[in-house]
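Have a look at the structure below before the remarks.
In my numbering, the protein residues as written are -17 to 209.
In structure tokens form, the structure reads like this:
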């Protein structure tokens, strides 16, 4: 079974002065998930939002909230993000000493669990915990800022991850530099879930539906799903 394509706009690229309206706009424009990038200024060189903002945004969409924690340590905040309304919580292997225990905690909180691999993190980091994850997020930029250029060499890692997943019900998500042009090769490598920030939010709310559709159509064509 081929997993359905998911397009998850990253609100990192949204208008922070009106986040609730931005979430409603991308929801109405065809987003499958809402991707939330949480940065602490320590694990990555930027500071974004915390669980209170996730809680405030939760009433604005019924779509799954895909929360990517770029924080260290992550463990003390897992319950707070689960309580705030995160549906899926993804963490980095480097963000704590006990990845297996952290994933167990996320699942015990009733949330789906993901592991994030930076461009310099080998796929072997997730192999011992594959049976505890619902998603592997492969970064195609170095985390910390939106608008970076896609690192095309990561496609080979995605192919290896796809083979490693080997039929398990695990989504393979990509984040970083996703556009209609880069969606095709990364989907051909095996990705099924695409996070896009700048490519979705450019042009303002009137453009969101077209931007999401362009990414979805390019990915679907690469998977042979368009007539």
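Just so you know, even glycine gets a beta-carbon here, dropped at the ideal spot from N, CA and C.
The C-beta distance from residue 16 to residue -5 rounds to 12 Å, too long to meet the 8 Å contact threshold. For the set 20, -7, 79, the Cα lying nearest the Cα of residue 7 is the one of -7. By the neighbour-count criterion, in which 16 or more other beta carbons inside 10 Å mark a residue as buried, residue 34 falls on the exposed side.
In the DSSP assignment, residue 199 falls outside any beta strand (DSSP E) and lies within the alpha helix (DSSP H) extending over 187 to 204. Taken through DSSP and simplified to helix, strand or coil, residue -15 comes out as coil.
Distance from the CA of residue 160 to the CA of residue 87, rounded to the nearest whole angstrom, comes to 31 Å. Segment contact: the segment 105 to 116 against the segment 53 to 69, fewer than three CB-CB distances shorter than 8 Å; contact not assigned. For residue 66, the CB contacts under 6 Å within the same chain, skipping 5 residues up- and downstream, are 33, 36, 37 in chain order. Taken in chain order, the whole alpha helix (DSSP H) runs of length 4 or more contained in the segment 140 to 172 are 162 to 170. The criterion of a C-beta distance shorter than 8 Å is satisfied by residue 175 and residue 154. Close CB contacts of residue 208 within its chain, under the 8 Å cut and outside five residues either way in sequence, are with 199, 202 (chain order). DSSP, read as helix, strand or coil, puts residue 90 in helix. A residue is called buried once 16 or more other Cβ atoms fall within 10 Å of its Cβ, and residue -3, having fewer, is exposed. Contact annotation, residue 93 with residue 70: C-beta distance approximately 6 Å; criterion of less than 8 Å satisfied.
For residue 89, the CB contacts under 6 Å within the same chain, skipping 5 residues up- and downstream, are 95 in chain order. Separation of the CB atoms of residue 158 and residue 132 is rounded to 6 Å, and the pair is thereby assigned contact status at 8 Å. Between residue 97 and residue 52, the C-beta gap is not smaller than 8 Å, which leaves the two residues out of contact. With respect to the 8 Å criterion, residue 114 and residue 85 are classified as neighbours on the basis of their beta carbons.
Per the C-alpha coordinates, the member of 31, 11, 26, 25 positioned closest to residue 18 is 31. Here the alpha carbon of residue 26 sits roughly 5 Å from the alpha carbon of residue 126.
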